[in-house]
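Order-wise, the sequence lines are chains V and E. Residues in the first sequence are numbered from 1046 upward in steps of one, following my numbering. Residues in the second sequence are numbered from 23 upward in steps of one, following my numbering. Cβ coordinates follow ideal geometry from the N, Cα and C atoms, glycine included.
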Amino acid sequence: MKIVIDGKQFEAIPGEFILQAAKRNGILIPTLCHHEALSGLGSCRLCIVEVIDRGRKKVVTSCLFPITSEVEVITNSPKIHKMRQTIIKLLAARAPGNEYMKSLMVKFGVESLDGFTGDKNENCILCGLCAKACEELGTGAISTINRGITKMISTPYDEPSPVCIGCSACASVCPTGAIKETMENGKKTIWGKEFNMAKCENCGAEFATTKQYEFVRKKLNIQETEKVLCPKCRKKLQSEKFKDIYQDVKPE
Amino acid sequence: MSDASEKIVYVCCGTGCLANNSIDVYEGIKNKIEELNLNAEVLTEVKPTGCNGLCEKGPVVKIQPDDISYFKVKASDAEEIVTKTIKDGAVIDRLLYFDTNLKRKVKSHRDSEFFRRQHKIALRNIGEINPAVIEDYIERDGFKALEKVLSEMDGSGVINEVVKSGLRGRGGAGFPTGKKWKQCASYDVSPKFVVCNGDEGDPGAFMDRSIMEGDPGSVIEGMTICAYAVGSRNGFIYIRDEYSLAIKNMRKAINGAREKGFLGKNILGSGFDFDIQIVRGGGAFVCGESTALMQSIEGKVGEPRAKYIHSVEKGLWGNPTVLNNVETWANIPVIIQEGGDWYSSMGTEGSKGTKVFSLVGKVKNTGLVEVPMGTPIRELIYDIGGGIIGNKKFKAVQIGGPSGGCIPEELLNLPVDYDTLSKADSMMGSGGMIVMDERTCMVDVARYYLNFLSEESCGKCVPCREGIKRMLEILTNICEGKGKEGDIDELLEISELTSEASLCSLGKSAPNPVISTIKYFRDEYEEHIRNKRCPAGICKNLTEFYIDNDVCRGCDLCRKNCPANAIDGAVKESHFINSDACIKCGNCINNCSFNAIKVK
């Protein structure tokens, strides 16, 4: 299926999102709440583009808009740029002390917050990626709570979640580094819950929380009797096995 | 002149009248009839009904076949109604409705301007039946349309009739109902769902509540007809939990319909199965947005999703779903009975049929009114609504709920339909109509609605959550006297982002109160920002009242009503306000009959 992005024609797979098609063809659309491994949220709106469909122009979110007909896409018109600036301004005003948001202000040419003030200690821009990662990984320990301007991300009743496995997927997908975790005396603390660490029986590295290891072990059907290995040592072990299998295969 | 014929006494027991103790009136009349053993003489049935519309003058009691309507009836009037009117057929003058337009009392409510100018389709049975008794609905041709559909029509025939009617979604968006059904029917996927949106949440709007309370059968019948047409076997009615009477009456009606074979397996022996389940909403305004509503039914957080793939294709649990609003459903049985052509003969080119409005605010007759599309706003406010309360001037009418816009005096001749209202930066919405008089500050109005939306936005997307938050900040500053040059531009900049880039229509329409008040009342914003003055005398920091000595007659009413003892003056002599003591509550200006109190 043909699609025109910023004046150039590309081939798109029917049903894929504009963002994917653009990225594959080297056109970068800015995002905050998007992660390749997770389904689209459409909450940050930074990836908005203009779509011209049968002569009608409309603003859509490229991470969620499926290509079902031969449309024309404009990813960075003056109008879109202006709106992205306003989005960055609003988000930076929410988390004025956050370094990443400050860098985005520079990148998008937002010079001032126009007198808007926010909590200097706030780093969360409520993109929701953390909750999405938690949900899709299968534990759903955190979610958005409340609504409107009091919305936030938390565990149920702000208490340590009984289902949290301390995997830190939330922290690793967070674009602004808003989720804090600490490592002290071989124990990890995140979302107010303390976790013991699993040690690699090969190299001794503390590579995951014991709860996370258990979760993954069950999910991948690894026998309890099997050696506890960190990803690095597991990879090593696998390549050893492959070496044995393919030892007779010679390159042509 | 009592005769042997049966008399029926209808006592309005909608939420509005119930709040005014109409249940005591109902019990009072019933007990008195028993006490006098009147039934031997005049067979009398007393029915609790749904809302008659004129809530302002409730509780309402109607007596048939004499066609007598009593308003503002108290429990203490019950005895007199029984002995005089029911027994002797005499009219109690004191309880009649005084029509301010006709300037006389009217015996039947049908003679009043409020009712005479209405055309009731969606509200046809409300106030005429006991909603808890399914037989009452059946008696007024209830389920006739369903019988007709099942015995004479196929799915596409039904859909064609709805397409022909030109009916558009009454929940606000105005999507053509027939087109929606047709698309849903075209997917060869099972199961399909039929959903009724009863999560009415607009401040001041109560038409859906009234229909669910007063005529639940019509909603059930409408949904069942749709289910037959699109091939669905499961329906859901999502009702906000605050609507306890609506839930109760709907539940009774569903059970009644099941017992009579209008719901459940093998409906009327046709082989068609359909049943309806009630889902109680948790009180989030945003769950009235169709996709958030579906998330809520699925047990998820009520957040909308992008609608690039429509619900008719992938809705509830990812399956084809027809979702319509309560009022839309209530229109369906009549359209099937009378035909699509009949329905489309009413209204304007783009908006057919009738629409229910809840007329509230500073009008004399507040209540529910149903008028043909295209009726001028002026007629609604002045002829049906009876005009503005007191001798105040009209200022604006806010149409379409919190995300609607304010229509000024110069646009009052606009006909109400979907397209003209959106062109005027307002919207049909669910049909809330809040009339405001000169004692309304338009900046404060915008602030009020943005405050509502700041709490009721789902908070998922940035333009809506952060945009509303900042617009509310700016508006609050302006109202508190901290407005600065550039504020209006800033409001318009954020408005543009929020209206264009928000995820759902709640966000997209959220800036409407701001945009429309700036468009029509920009001078008022500028007065606040530049001269630190609120011309309506509402924003306390920017208000100073004074008494015009030439006009004041010294009636002393203002002094008596002043809670801060800030007014001095002898009777029959001009009064004056001590500005230092004045707390700017506005009691004086609201009570002055001579417009002697002015805003500096």
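E/Ser550, buried or exposed, once every other Cβ within 10 Å from all chains shown has been counted against 16 = Here residue 550 of chain E turns out to be His, not Ser, going by the sequence shown. In summary, E/His550 is buried, with 16 or more beta-carbon neighbours lying within 10 Å of its beta-carbon over all protein chains present.
Those runs of the alpha helix (DSSP H) which lie wholly inside the stretch 293 to 357 of chain E and span at least 4 residues = Within the stretch 293 to 357 of chain E, the complete alpha helix (DSSP H) runs of at least 4 residues are 312 to 319.
Counting only runs that start and end within the stretch 1248 to 1283 of chain V, where is the beta strand (DSSP E) found for 3 or more residues in a row?
-> Complete beta strand (DSSP E) runs here, min 3: 1251 to 1254.
Simplified DSSP assignment, three categories, for V/Ser1072 = Note that residue 1072 of chain V is Ile in the sequence shown here, rather than Ser. Reduced to three states, the DSSP call for V/Ile1072 is coil.
Residues in the stretch 1071 to 1097 of chain V with C-beta within 7 Å of chain E's C-beta atoms, listed in sequence order?
-> For the stretch 1071 to 1097 of chain V, which is checked against every Cβ of chain E, the residues closer than 7 Å are Gly1087, Ser1088, Cys1089, Arg1090 and Ile1093.
E/Gly407 versus V/Thr1113: straight-line alpha-carbon distance, rounded = Spanning the two alpha carbons is a distance of roughly 49 Å.
Flag this pair as yes or no: are the beta carbons of E/Met449 and E/Gly422 separated by less than 8 Å?
-> For the 8 Å CB-CB criterion, E/Met449 and E/Gly422 form a contact.
Residues near V/Thr1120 in its chain [Cβ-Cβ closer than 7 Å; skip 5 each side] | The residues are Ile1050, Asp1051, Ala1067, Ile1072, Ile1074 and Val1094.
So, helix, strand or coil for E/Tyr547, using DSSP?
-> In this structure, E/Tyr547 counts as helix in the three-state DSSP scheme.
Near-chain E residues of the stretch 1178 to 1190 of chain V - C-beta to any C-beta below 9 Å = Against chain E - using a Cβ distance shorter than 9 Å - the residues of the stretch 1178 to 1190 of chain V are Ser1188, Thr1189 and Ile1190.
Measure the CB-CB distance between E/Gly191 and E/Asn346 and report whether it falls below 8 Å.
-> Between E/Gly191 and E/Asn346, the CB-CB gap stays under 8 Å.
Quick one: is E/Gln140 buried, meaning 16 or more other Cβ sit within 10 Å of its Cβ, or exposed?
-> Note on E/Gln140: 16 or more other CB atoms within 10 angstroms of its CB, so buried under the neighbour-count rule.
Bridge partners of V/Arg1101, per DSSP?
-> In the DSSP assignment, the residues bridged to V/Arg1101 are V/Asp1098.
Taking the DSSP output, what are the residues bridged to V/Glu1239?
-> Partner(s): V/Thr1234.
At a Cβ cut of 7 Å, what residues of the stretch 459 to 488 of chain E count as close to chain V, listed as they run along the chain?
-> Of all residues in the stretch 459 to 488 of chain E, Ser476, Glu477, Glu478, Ser479, Cys480, Gly481, Lys482, Cys483, Val484, Pro485, Arg487 and Glu488 have a Cβ within less than 7 Å of some Cβ in chain V.
Which residue comes first and which comes last in the beta strand (DSSP E) that contains E/Ile490?
-> E/Ile490: not part of any beta strand (DSSP E); member of the alpha helix (DSSP H) spanning Val484 to Cys501, first to last residue.
Counting only the same chain and skipping the five closest in sequence on each side, list residues whose C-beta sits under 8 Å from that of E/Pro585.
-> Result list for E/Pro585: Ile605, Cys607 and Asn609, in chain order.
How about E/Gly454 and E/Ala195: do their beta carbons lie closer than 8 Å?
-> No, the Cβ-Cβ distance between E/Gly454 and E/Ala195 is not below 8 Å.
Sub-8 Å separation of V/Leu1080 and V/Leu1174 beta-carbons = A small correction: the amino acid at residue 1080 of chain V is His; Leu does not occupy that position in the sequence shown. Against a cut-off of 8 Å, the Cβ pair of V/Leu1174 and V/His1080 comes out as a contact.
With distances taken Cα to Cα, identify the nearest neighbour of E/Glu477 among E/Arg231, E/Gly293 and E/Val308.
-> If we check each option's Cα against that of E/Glu477, E/Val308 comes out closest.
In its own chain, which residues sit with a C-beta less than 6 Å from the C-beta of E/Arg132, not counting the 5 before and 5 after it?
-> Apart from the 5 residues on each side of it in sequence, E/Arg132 has no Cβ closer than 6 Å to any other Cβ in its chain.
Can you give the Cα-Cα distance for V/Glu1226 and V/Ile1187, rounded to whole angstroms?
-> The alpha-carbon atoms of V/Glu1226 and V/Ile1187 are separated by roughly 15 Å.
Check E/Ala97 in the structure and name its three-state DSSP category.
-> If DSSP states are grouped into helix, strand and coil, E/Ala97 belongs with the helices.
Beta-bridge partners of V/Ser1122, as assigned by DSSP = Paired residue(s): none; V/Ser1122 is not in a bridge.
By how many angstroms is the C-alpha of V/Glu1251 removed from the C-alpha of E/Ala314?
-> When the Cα atoms are used, E/Ala314 and V/Glu1251 turn out to be separated by approximately 43 Å.
E/Tyr330: buried (16+ other C-beta within 10 angstroms of its C-beta) or exposed?
-> Exposed, by the Cβ-count rule.
In the stretch 515 to 528 of chain E, which residues sit with their C-beta less than 8 Å from some C-beta in chain V, listed in chain order?
-> If the cut-off is 8 Å between Cβ atoms, the stretch 515 to 528 of chain E has Glu515, Ile516, Glu518, Leu519, Glu522, Ala523, Ser524 and Leu525 near chain V.
If E/Ile376 sits next to E/Glu235, beta carbons under 8 Å apart, how far is it from one beta carbon to the other, in whole angstroms?
-> Per the sequence shown, residue 376 of chain E should be read as Thr rather than Ile. Wrong, their Cβ atoms sit about 19 Å apart, outside the cutoff.
Determine the extent of the beta strand (DSSP E) in which E/Asp121 is found, giving its start and end residues.
-> It spans Tyr119 to Asp121 - the beta strand (DSSP E) in which E/Asp121 sits, taken as one unbroken run.
Taking 8 Å as the CB-CB limit, is E/Tyr568 close to chain V?
-> No, its Cβ sits nowhere closer than 8 Å to a Cβ of chain V.
Residues of the stretch 53 to 80 of chain E with a CB closer than 8 Å to any CB of chain V: list them in chain order, please.
-> Listed by position along the chain: nothing, the set is empty.
Quick one: which chain E residues come within Cβ less than 9 Å of V/Met1128?
-> Correct list: Pro485, Glu518, Leu519, Glu522 and Ala523.
Does any CB atom of chain V fall closer than 8 Å to the CB of E/Glu512?
-> With 8 Å as the cut-off, E/Glu512 counts as an interface residue toward chain V.
DSSP-derived helix/strand/coil call for E/Met23 | The predicted model places E/Met23 with a pLDDT of 40, which falls under 50 and marks its position as unreliable, so this point remains unresolved.
Which residue comes first and which comes last in the alpha helix (DSSP H) that contains E/Asn53?
-> Boundaries of the alpha helix (DSSP H) around E/Asn53: Ser44 to Glu57.
Outcome for V/Lys1127 when other beta-carbon atoms lying within 10 angstroms are tallied against a minimum of 16 = That one is exposed.
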